[in-house]
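Shown next, in structure tokens, is the structure this report addresses.
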Amino acid sequence: MVFIMSDLFSNSRPEKEEIYPDLFVLANFVKTETLLDEIKIITKASPFRKMMTPNGHKTGVACTNCGDYGWTSDRQGYQYSKEDPLSSKPWLAIPKQFSALAYDAAFFAGFKNFYPDACLINRYLIGTKLGSHQDKNEMDFSQPIVSVSIGLPAIFQIFGNQRSNKILEYKLEDGDVMVWGKSARLVYHGVKALDANRLAPKMSERINLTFRKSH
Ligand code: SIN
Ligand code: FE2
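The working numbering applies: residue 1 is where the sequence shown begins, and numbers increase by one.
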């Protein structure tokens, strides 16, 4: 299966910036309006929800999933599950245009043959942040992470190989895609509390799609 650049993409010659070793930002890589219809369908089947974490607090970010596996959290810990625990039904499949986007972004950043089986969809409202963490519940760390920003801009934080050692902050805008892998695969990262945007006062949220090969 090979995907080709389609109308989905904003840029025929996108920019690629390596902001940290093996971590790339593809600025304005995708026209995000085209993703919103699919997100609506997915969240109708599996609504955004805050998940319970092992420490007994709910996540600030609300999430849902599509794919063969969805990332979930409860008192017992984090895991990938084949079913939405709210409905006990399988998550909806990853839409074709999402897989094409993830494949092409990974390819463009130097990671061939990326076929994600999980797409975590996070929703941040104003004031929501995501603490420093590693993405480490996947089985094969030779596979990259592809992360798509939609809506309000957010400050992405990179902490390197220690949870609390902040190294870099980078502003992610609507349509930016980030890809990381290899030496950066287990990098600690997080998102600063979302700010309202004076230039777009009607915008109230940011959505992030994270594509992973979990199994
Ligand atoms: C994540 O690390 O799971 C999400 C990152 C983001 O929202 O940009
Ligand atoms: Fe993450």
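The C-beta atom is built at its ideal place from N, Cα and C for all residues, glycine as well.
Since this is a predicted model, take the numbers as computed values, not measurements.
With DSSP as the reference, please indicate the residues paired to residue i in a beta bridge.
| i | result |
| --- | --- |
| Ser-147 | Met-178, Thr-210 |
| Pro-90 | Glu-83 |
| Glu-138 | Its beta-bridge partners do not exist; DSSP assigns none. |
| Gln-97 | Partner(s): none; Gln-97 has no beta bridge. |
| Leu-26 | Lys-16, Val-177 |
| Gly-70 | Ser-81 |
| Gly-56 | Gly-56 is not bridged to any residue. |
Measure how close the beta-carbons of residue i and residue j come, nearest whole angstrom, since I'm counting them as under 8 Å.
| i | j | result |
| --- | --- | --- |
| Gln-157 | Gly-127 | Wrong, their Cβ atoms sit about 16 Å apart, outside the cutoff. |
| Phe-159 | Tyr-124 | In fact, because the Cβ distance is near 18 Å, the residues do not count as touching under 8 Å. |
| Ile-41 | Leu-92 | 7 Å |
State the Cα-Cα distance for the pair residue i and residue j, rounded to the nearest angstrom.
| i | j | result |
| --- | --- | --- |
| Ala-193 | Tyr-170 | 13 Å |
| Ile-19 | Val-25 | 7 Å |
| Ile-145 | Lys-213 | 8 Å |
| Tyr-103 | Gly-175 | 16 Å |
| Leu-130 | Gly-60 | 7 Å |
| Ala-27 | Met-52 | 33 Å |
| Ile-155 | Glu-15 | 19 Å |
Residue i: beta carbon under 7 Å from a heavy atom of the ligand FE2?
| i | result |
| --- | --- |
| Thr-223 | With the chain covering only 1 through 215, there is no way to say anything about residue 223. |
| Thr-210 | yes |
| Asp-117 | no |
| Phe-135 | The amino acid at residue 135 is misidentified as Phe; the sequence shows Asp. Because some heavy atom of the ligand FE2 lies under 7 Å away, the Cβ of Asp-135 counts as near it: yes. |
Return yes when the C-beta of residue i is under 7 Å from any heavy atom of the ligand SIN, and no when it is not.
| i | result |
| --- | --- |
| Asn-122 | yes |
| Val-191 | yes |
| Ser-73 | no |
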